[in-house]
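With the working numbering, the residue at position 122 of the sequence shown is 157, and numbering never jumps.
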Amino acid sequence: MQRSSRRKFLASLLGTLGAAAVGIATYPVFKYLAPSRSDERGGKVTIPRAQVGVGQARFFQFQGHPAVVLQRGPGVFAAFSAICTHLGCIVKWVPEKGEFLCPCHAGRFSSDGKVLGGPPPKPLPSIPVAISGENLLIG
Ligand code: FES
C-alpha cells in the first residue's frame, strides 16, 4: 500500500514539475506574441533627441511592432516601420552606407525609406516625427 502511494506521489510530483517546465519554456514565446501595451501618449513614443545622433538610428517598439528613427541630417529626423515590405524581416541600419539592409534577402532601403534594391515591393512605411524640446514625439 505504501509503495503505491509513493508512486502516486512521485507521478504527481513529476507531472507538476513537467507542467512548470513547459510553462517556463513557453512563457517567452507568449510574451513575444502578446500585443504590447500602448504607451501613455495615445500611441506616441517619446525618445530623447540626444539618443539619435546624426547619421545614427535607434530602434524601438511602436504599437507593438519594430520601428526605427534616424537623424538623416542635423535636426532632420525620420521614423519608419522596421519591418521589411518583402516578407517581414526586421531591417538593420548600415551607417557606413546610410541605408537600411534587410538581412533575409538583401533588400535595401534609403534613409528616407525608399526601395534601393532587392525584392521589397514597397518603401518602408513612414511614421510621423515631431520635435518637442529635447524629445522626439513619434507617432
Ligand atoms: S524579407 Fe526583406 S528582402 Fe525579403
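Note that beta-carbon positions come from the ideal geometry of N, C-alpha and C, so glycine has one too.
DSSP on residue i, reduced to helix/strand/coil?
i, result
"residue 79", "strand"
"residue 165", "strand"
"residue 86", "helix"
"residue 146", "coil"
Leaving out the 5 sequence neighbours to the left and right, which residues in its chain are closer than 8 angstroms to residue i when beta-carbon positions are compared?
i, result
"residue 83", "169, 170, 171"
"residue 93", "82, 86, 87, 103, 104, 105"
"residue 49", "none"
"residue 157", "120, 150"
"residue 153", "121, 137, 140, 141, 142, 143"
"residue 131", "none"
Between residue i and the rest of its own chain, which residues show a CB-CB distance below 6 angstroms, the 5 nearest in sequence each way excluded?
i, result
"residue 146", "107, 133"
"residue 137", "119, 124, 126"
"residue 89", "106, 109"
Which whole-angstrom value describes the C-beta separation of residue i and residue j, a residue pair presumed to lie in contact below a C-beta threshold of 8 angstroms?
i, j, result
"residue 173", "residue 80", "5 angstroms"
"residue 104", "residue 129", "That pair is no contact at about 16 angstroms."
"residue 116", "residue 140", "With 8 angstroms as the limit, residue 116 and residue 140 do not qualify as a contact, their Cβ atoms being about 17 angstroms apart."
Spell out the partners DSSP gives residue i in its beta bridges.
i, result
"residue 138", "Answer is none; residue 138 lacks a bridge partner."
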